[in-house]
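Trainee:
Residue numbers (full-length UniProt numbering): 1 to 417.
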């Protein structure tokens, strides 16, 4: 039967959910779940919402025999348009899903509940955290014998909590130990969602320096080196997420920048990514950010990346999106260079191309403060500078990219919506 034909049953099913007969409630919940999991691109989300099924399904979460169909239907409703998400939130779906997740031992119901929370998380992360959802997700991930399916699902949902800023520093710090452990996971899907979680966290400019500091210091400082390692990852989505995370770190103060430069071959690896072409825009952004430090100028110069950037600026055929970060990097270096360093920049063409570079970057971000000196008069960095604004990753990249909602079809495991 087509979705259009099934739509005619919605008023009857909505009424049946309100019945005092448990079997009638179950029948109608099953029909609604089947409609939502049909895989049809024309699922009538609005018709279901207007019929009033959402509050009824939320109430059914308290009835053990009806929980699976109710939570499945709700998680798929959460994958719909913003009106669907709003309806679920308005009728208390978030605390109800968290309560269900924290009280049931049924792995199927847990899986649906996690999917529902993940689908609702974007823009509503704070509400999920306040309802106890973050703690519950972390508990699932810390379970020693947790199934791979659940680890995948919970890692994805955890990352979605941080996809839309602002996020509180407390909620980020609570998750960092678990995220740090997940960076060593062998499963590519888990690894991808973990690195994207870091990318989202570090794109949050609301408390940028404290957030960067928390990430840099977590795991005894091993997180940054792990992110640099991912520059060698064959999965371009994981590599892109690592680059976005590193760009966020490099948007911080000199200590944060140094944490990247201290990683073996970090600048060389960035040059290789740029040369490879898959994620060169993101890699250029990291390089430009690294050039904004004060105490790291000599390290950048010694890496010979200046010549690499100058060649890009001088390349008449290079697109603006390449030339702009290259010019920004050189101009930032020149702004804080000493006499010897400036002499080197001039030898590489700085004076000749200065006008071109300033035209490419007419509004150079203000200098950052050196936390160990008084050379700069600016406040701590410019959080709007280069910290966030990551492009939304495509919905069907090779690894999970935190960009899409999930929807479970009838008889299938999971499929991106």
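Note that CB positions come from ideal geometry on N, CA and C, so glycine has one too.
Using DSSP with H/G/I as helix, E/B as strand and the rest coil, what is residue 344?
Mentor: helix
Trainee: Output needed for residue 13: all residues of its chain with C-beta closer than 6 Å, excluding positions within five of it in sequence on either side, in chain order.
Mentor: 28, 31, 32
Trainee: In terms of alpha-carbon separation, which member of 130, 154, 132, 149 lies closest to residue 140?
Mentor: 154
Trainee: Please report how far the alpha carbon of residue 339 lies from the alpha carbon of residue 354, in whole angstroms.
Mentor: 17 Å
Trainee: Please return the same chain residues whose Cβ sits closer than 8 Å to the Cβ of residue 307, not counting the five positions on each side in sequence.
Mentor: 348
Trainee: Hey, how far is the Cα of residue 98 from the Cα of residue 16?
Mentor: Near 26 Å, if we compare the C-alpha coordinates of residue 16 and residue 98.
Trainee: Straight-line CA distance for residue 382 to residue 251?
Mentor: For residue 382, the predicted structure reports a pLDDT of 32, less than 50, and the residue's modelled location is therefore unreliable. A value from the coordinates is still provided. Using only the alpha carbons, I get a separation of about 8 Å.
Trainee: So what does DSSP say about residue 294, is it helix, strand or coil?
Mentor: coil
Trainee: If you reduce the DSSP assignment to three classes, tell me which class residue 112 lands in.
Mentor: helix
Trainee: Do you know how far the Cα of residue 225 is from the Cα of residue 260?
Mentor: 7 Å
Trainee: For residue 215 versus residue 267, is the C-beta distance shorter than 8 Å?
Mentor: no
Trainee: Residue 22: which of 39, 11, 364, 65 sits nearest, CA to CA?
Mentor: 65
Trainee: Going by Cα to Cα distance, which pick from 219, 56, 274 is closest to residue 175?
Mentor: 219
Trainee: Give the DSSP-derived three-state secondary structure of residue 38 in the structure shown.
Mentor: coil
Trainee: Whole angstroms are fine: how far does the CA of residue 278 sit from the CA of residue 169?
Mentor: 33 Å
Trainee: What residues in its chain sit with their C-beta under 6 Å from that of residue 228, if we drop five residues either side in the sequence?
Mentor: 263, 266
Trainee: Short check: CB of residue 134 to CB of residue 171, under 8 Å?
Mentor: yes
Trainee: Starting from residue 229, follow the alpha helix (DSSP H) in both directions and report where the run begins and ends.
Mentor: 222-229
Trainee: Per DSSP, what kind of secondary structure is residue 91 in: helix, strand or coil?
Mentor: coil
Trainee: What's the gap between the Cα of residue 330 and the Cα of residue 182?
Mentor: 36 Å
Trainee: Just list the alpha helix (DSSP H) runs in the region 275-341, keeping only unbroken ones of 4 residues or longer that don't cross its boundaries, in chain order.
Mentor: 280-290, 297-302, 305-314, 320-336
Trainee: Answer yes or no: do residue 47 and residue 7 have a C-beta to C-beta separation smaller than 8 Å?
Mentor: yes
Trainee: Work out the CA separation of residue 18 and residue 52 for me, nearest whole Å.
Mentor: 10 Å
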